Amino acid sequence: MPPPVLSVRGLRVEFPTRRGVLTALSDVSFDIAPGEVLGVVGESGAGKSMTGAAIIGLLEPPGRIAGGEIRLQGERIDTLPYDRMRRIRGKRIGAIFQDPLTTLNPLYTVGRQLIETMQTHLSLSDREARQRAIGWLEMVGIPAAAQRVDSYPHEFSGGMRQRVVIALALCAEPILVVADEPTTALDVSIQAQIIALLKRLAREKGTAMMLVTHDMGVIAETADRVAVMYAGRIAEIGPVRAVVKAPKHPYSAGLMASIPPLDRKVAHLAGIEGAMPRLSAIPPGCAFNPRCPHVFDRCRRERPELIETGTTRAACWLYDPASERQAPELLRHG
Amino acid sequence: MAERVEAPRGAAPVMLAVEDLARHFDVSRPLLQRLLAGEGRRSLKAVDGVSFEIPRGTTLSLVGESGCGKSTVARLVVGLYRPTRGRIGFDGRALEQARADAAQRRRMQMIFQDPYASLNPRWRVSDIIAEPIRAFGLAPGAAAQRARVAELLTQVGLSPLDGEKFPHEFSGGQRQRISIARALSSNPEFLVCDEPTSALDVSVQAQILNLMKELQARLGLTYLFISHNLAVVRQVSDQIGVMYLGRLVELAAAETLFTAPRHPYTRALMEAIPDLEMTGRQRIPVGGEVPSPIDPPSGCPFHPRCPLVADRCRAEMPRLLPPRGQAGTVVACHAVEEGRDPPPAPAGADQRIGTTATAL
Ligand SMILES: Nc1ncnc2c1ncn2[C@@H]1O[C@H](COP(=O)(O)OP(=O)(O)OP(=O)(O)O)[C@@H](O)[C@H]1O
Ligand SMILES: Nc1ncnc2c1ncn2[C@@H]1O[C@H](COP(=O)(O)OP(=O)(O)O)[C@@H](O)[C@H]1O
Ligand code: SF4
Ligand code: SF4
Ligand SMILES: [Mg+2]
Ligand SMILES: [Mg+2]
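The listed protein sequences correspond, in order, to chains A and B.
Under full-length UniProt numbering, the first residue of the first sequence carries the number 1, and numbering increases by one thereafter.
Under full-length UniProt numbering, the first residue of the second sequence carries the number 1, and numbering increases by one thereafter.
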């Protein structure tokens, strides 16, 4: 196994508020290898975007990293001063957000934005940079790239703007891409194009990618491994096939069962009762216990760490041989 | 114009009938700019010639990509917009007549996508739900009103005690339950639901879809349901209309649409849905963008993206016609009419029907 591009260990993020300190993330650990796509899923508020923001050094104040470490190719980046981190962000880490308009500068042509980004991070002549800018626009599927390079963002449709954002995130040839809901605002037909593009880039360029989305279909098609987050922690992490087809954590199982099938009509969709707790009201023990159909005594007292399940690792007491209750067949074998 | 689609034989009486419905918006630039640029008025055909019927107690869904006119149809149907052309009949009467009469108006309600924006943040939930009851004078006296609010809250899976709280104290899914309780408070028979679960997590979406189906079975409600998510639509619909650039391109019984989709755009939509089955199948997404509705392509509006395009498609707008041997469905496509489309395949199967779709 090649050494990981990104390594996150015991990450903890806190928000000091008037009513005390809220813990938004705790004990988040994972690696991403070169060319690997890690999907991050979970209900809204689970901490997916927060994890991405912590990695790229753009946590919104007063949020702050209160523990753990983040390493990029072995080098610690969570303690770097803002300026150093900004340079890393353009050059070695590319970021793609949900809303393309917030990333693009409306006053500059897309070509100028690509060229400036490349020239800041790579030593390129004006001519070379322009050639490459056109190349990137072609790469992300902008038709007539040589002409469109001089267009302004508002002259593109939503789908095309998102492709420009992707070109911008990739043009300095980062080794890690953090993409937060990159296709959520797009129509399915455009979404399919963007996913195909991201997948191809990870494969061809060996880029490591963290792909945050709540769309399980996108994850199933794109990711190599998946982390399922719940209330600021990783509930389950493992290879995509195992997590999607035979999830071991009751929360992952509930999420998968909630997805309406395309190939048949069902009388009743499974769903998960209740809602994710607010940060200020996370229950003791396993945070999922008030909604969990398998809850037992221990779950209300002790918080589970990630436990090996055979195919994945899940933070659930059902997989601790010492627990008084063990996972039912249905969860064991999917 | 579009063929009238007959409601299935032996079915319930028609609740909503829409015929050749159109809504155009004036999107001209200001006069001075127009004069300087030497251009005329410009109109955007958000909806152009849509016809369908919804039998009482059933659900018709409209699907399609952003900007295809789904919400505009919804707003026309509840009277928020006036049609540029066409007729809307509500339970046998012209919509305008029905809307003028409070007793009729209360029979029709709308649920919106955003459960945050559609609830007044300064009102208690009980007041939000009671407002239509008061406005239509449906429960005489404060006690009867309180009892009705408690009943509605229970009906949507909340507690009567929740009435004392404010909207911000609820999660997204709970807020959508409140919107549904409010919509139900006037005892409507017909609900227009515009993307009612699109802002929700899948886990919560499942709860709301179950609730809507249960209420329909219990109260005999009729739904016009709008969504861009085909899998969601499959779970709730009796009929499905696929829209593209303001027009219906296919209208079929729900199961037929999924087992035998006919229009190249319907098939492209199905092909584009990410696959949970992980068969490893390489999807070839349909290329190109949805064209601007201000300046739609000539002939068939789907022709620049269609793998089956032929000369006729660029010149002539296809009419909605039943494909040979498939009664109950109408499709607006020359290739289907000419019988030169590949045989239909069920959703989830490979819908690829040509080689011109751009592979990335
Ligand atoms: N008041 C208006 N003035 C001008 N154009 C409008 C107006 N309302 C809608 N449109 C345009 O009409 C077309 C159809 O819009 P509509 O909101 O019905 O789309 P939709 O299918 O509901 O899309 P979405 O999936 O994004 O909600 C779009 O091109 C839209 O920009
Ligand atoms: N500025 C902030 N102050 C306090 N809490 C916040 C702030 N920003 C986000 N949070 C909370 O942190 C949690 C994780 O948020 P986020 O990472 O955005 O979730 P996701 O991306 O998974 O939907 C949520 O409970 C959210 O309400
Ligand atoms: S630890 Fe207990 S409550 Fe938590 S997911 Fe496992 S069984 Fe459910
Ligand atoms: S009419 Fe022609 S262009 Fe339009 S969908 Fe049918 S084959 Fe394609
Ligand atoms: Mg987020
Ligand atoms: Mg809409």
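Think of the CB as a built atom: it goes at the ideal place given N, C-alpha and C, for glycine as much as any other residue.
Computed from a prediction, not measured in an experiment: that's the story for all the values here.
- For B/Thr-59, the enclosing beta strand (DSSP E) stretches over residues 59 to 63.
- Interface flag for B/Ala-231 against chain A is set, since a Cβ pair is found closer than 8 angstroms.
- Within the stretch 246 to 274 of chain B, the residues whose Cβ lies closer than 7 angstroms to some Cβ of chain A are Ala-268, Leu-269, Ala-272, Ile-273 and Pro-274, listed in chain order.
- Annotation: the continuous alpha helix (DSSP H) that includes B/Gln-205 extends over 202 to 219.
- In this structure, B/Gly-173 sits away from B/Val-202, with a CB-CB distance that is not shorter than 8 angstroms.
- Against chain A, the beta carbon of B/His-228 has neighbours under 8 angstroms at Asp-187 and Val-188, listed in chain order.
- Distance from the CA atom of B/Ser-227 to the CA atom of B/Thr-266, rounded to whole angstroms, is 14 angstroms.
- Three or more beta-carbon pairs drawn from the stretch 246 to 256 of chain B and the stretch 37 to 55 of chain B are found closer than 8 angstroms, and the two stretches are therefore classed as touching.
- For A/Glu-302, DSSP records no beta bridge to any residue.
- For A/Cys-292, there is no enclosing beta strand (DSSP E), as DSSP gives it neither H nor E.
- A contact between stretches requires three or more CB pairs, one per stretch, nearer than 8 angstroms, and the stretch 79 to 91 of chain B meets this requirement with the stretch 17 to 35 of chain B.
- At least one heavy atom of ligand 3 is found less than 7 angstroms from the C-beta of A/Pro-250.
- In this structure, A/Phe-97 is the residue among A/Pro-3, A/Phe-97 and A/Arg-332 with its C-alpha nearest to the C-alpha of A/Thr-213.
- Distance from the CA atom of A/Glu-308 to the CA atom of A/Met-209, rounded to whole angstroms, is 24 angstroms.
- Any Cβ of chain B closer than 8 angstroms to the Cβ of A/Ser-151 would place that residue at the interface, and such an atom is absent.
- Closer than 8 angstroms to the CB of B/Val-290 there is at least one CB belonging to chain A.
- Those residues that bring their Cβ nearer than 7 angstroms to a heavy atom of ligand 5 are A/Ser-44, A/Lys-48, A/Ser-49, A/Asp-180, A/Glu-181 and A/Val-212.
- One residue after another in chain order, those with a Cβ under 5 angstroms from a heavy atom of ligand 4 are B/Pro-264, B/Cys-300, B/Phe-302, B/His-303, B/Cys-306, B/Leu-308, B/Val-309, B/Cys-313, B/Pro-318, B/Cys-333, B/His-334 and B/Ala-335.
- Between A/Lys-48 and A/Gly-42, the gap from beta carbon to beta carbon is short of 8 angstroms.
- Taking CB atoms only, B/Ser-61 has no neighbour in chain A less than 8 angstroms away.
- In its chain, beyond the 5 residues on either side, Gly-159, Gln-162, Arg-163, Ile-166, Pro-182, Thr-183 and Leu-186 have a beta carbon closer than 8 angstroms to the beta carbon of A/Ile-194.
- Residue pairing by DSSP places B/Cys-193 opposite B/Ile-111 and B/Phe-225 in a beta bridge.
- One thing to note: A/Met-276 has its Cβ no nearer than 8 angstroms to the Cβ of A/Ala-315.
- Taking 8 angstroms as the cut-off, the Cβ atoms of B/Val-78 and B/Val-233 do not count as close.
- Pairing B/Pro-188 with B/Arg-75 gives a Cβ-Cβ distance that is not under 8 angstroms.
- Among the CB atoms of chain A, none fall inside 8 angstroms of the CB of B/Gln-326.
- When DSSP states are grouped into helix, strand and coil, B/Phe-258 belongs to the helix group.
- With contacts defined as CB atoms closer than 8 angstroms, B/Phe-225 and B/Val-236 qualify as a contacting pair.
- By the criterion of a C-beta distance shorter than 7 angstroms, B/Lys-70 is surrounded in its chain by Leu-62, Gly-64, Ile-226 and Met-243, once the five residues flanking it on both sides are discounted.
- Annotated as proximal: A/Val-240 and A/Gly-39, with beta-carbon spacing under 8 angstroms.
- The DSSP assignment places 48 to 55, 82 to 91 and 100 to 103 as complete runs of the alpha helix (DSSP H) inside the stretch 29 to 115 of chain A, in order along the chain (cut-off: 4 residues).
- If you draw a straight line from the Cα of B/Val-290 to the Cα of B/Ser-66, it comes to about 9 angstroms.
- Contact check for B/Ile-128 and B/Asn-120: beta-carbon distance about 6 angstroms, within the 8 angstroms limit, so the pair qualifies.
- Residue pairing by DSSP places B/Met-15 opposite no residue, since no beta bridge is assigned to it.
- Per DSSP, reduced to three states, the secondary structure at A/Glu-221 is helical.
- In the structure shown, A/Gln-147 adopts helical secondary structure according to DSSP, grouped into three states.
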